[in-house]
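Participant: Numbering (my numbering), first residue to last: 1007 to 1228. Idealized CB from N, CA, C, for every residue including glycine. Structure incoming, see below.
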Amino acid sequence: CSSNVTSFCVCRYQRARPIIIDPGLYHSKKSGVFWAKEKRSLPASFKLFMGSEWVVLTKSFLEFCVWGWDNLPRTLLMYYTNFISSPEGYFHTVVCNHKDYQNTTVNHDLHYIRWDNPPKQHPMTLTLEHFDDMVRSGAPFARKFAKDDDSALNKIDKELLRRSYGRFTPGGWCVGGSNPGKDPCVVYGSPNAVKPTVSSKRLEKLLVQLLDSGNFRSKQCK
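In structure tokens form, the structure reads like this:
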């Protein structure tokens, strides 16, 4: 599993106690949540973990969540039904409370995200000012971008993805000419062709750092 997993610290204590009702679980149209007056205590039978909602989950772990042969996934599913922002805690808590999966986590969500200091509710909006730092990070994903300003996204398309306006990102299977105004993907070869790029080398460097034996295990489910 790949995710940014952190233990449930004191600063998030107030997030676990409130009880909410999400009408979106029962109705076809989404609406605001309802807050109950009652508060609940922290659970004693399992430890809460929080992290990024952007996760990569293995087939084995998902099968465990679906079948739940020791009832942990179902128990936590009921708990997080009335939890605000449950995607930021459910899978993290399941994986870190089970001995077969707690040592399979990678404590990173492969996103480039900038936060204010002190952090606010939402991350900073990325602009051209953050472009170089974002590229150096090696992260394959980034957020968030302004809805009314495409300058940073346009630069990503042009310099990193080599994507022309209104066209797909070219890959190793695009064997057409690269003349100006021509789409190289009009003529394509094998769909399995993959050619390493400078960007893929940056991603490789990031993954090697994440899996380094010196700090990999020490950051699992902490």
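At the level of alpha carbons, what is the spacing between Phe1067 and Met1084?
Facilitator: Roughly 18 Å separates the two Cα atoms.
Participant: Could you check which residue in Cys1102, Val1181, Phe1137, Asp1218 has the C-alpha nearest to that of Asp1163?
Facilitator: Residue Phe1137 is the option with its Cα nearest to Asp1163.
Participant: List in chain order: all unbroken beta strand (DSSP E) runs of 3+ residues lying wholly within the stretch 1080–1107.
Facilitator: Fully enclosed beta strand (DSSP E) runs of 3 or longer: not present.
Participant: Which of the three DSSP states, helix, strand or coil, is assigned to Phe1137?
Facilitator: Phe1137 falls in the helix class under three-state DSSP.
Participant: Measure the CB-CB distance between Leu1054 and Thr1099 and report whether it falls below 8 Å.
Facilitator: Result yes, Cβ atoms of Leu1054 and Thr1099 sit closer than 8 Å.
Participant: Which of the three DSSP states, helix, strand or coil, is assigned to Phe1151?
Facilitator: DSSP places Phe1151 in strand when its eight states are reduced to three.
Participant: So, with DSSP's three-state summary, where would you put Asn1113?
Facilitator: The answer is strand: DSSP assigns Asn1113 an E or B state.
Participant: Note the first and the last residue of the continuous beta strand (DSSP E) segment covering Trp1041.
Facilitator: Where Trp1041 is concerned, the enclosing beta strand (DSSP E) stretches over 1040–1045.
Participant: In the structure shown, what three-state DSSP assignment does Cys1017 receive?
Facilitator: Since pLDDT at Cys1017 reaches only 44, below the 50 mark, its modelled position is unreliable, and the value read off the structure follows with that caveat. Cys1017: helix per DSSP, three-state reduction.
Participant: Give me, in chain order, the residues of the same chain whose beta-carbon lies closer than 7 Å to that of Tyr1194; leave out the 5 immediate sequence neighbours on both sides.
Facilitator: Within the same chain, Tyr1194 has close Cβ partners Trp1179, Cys1180, Val1181.
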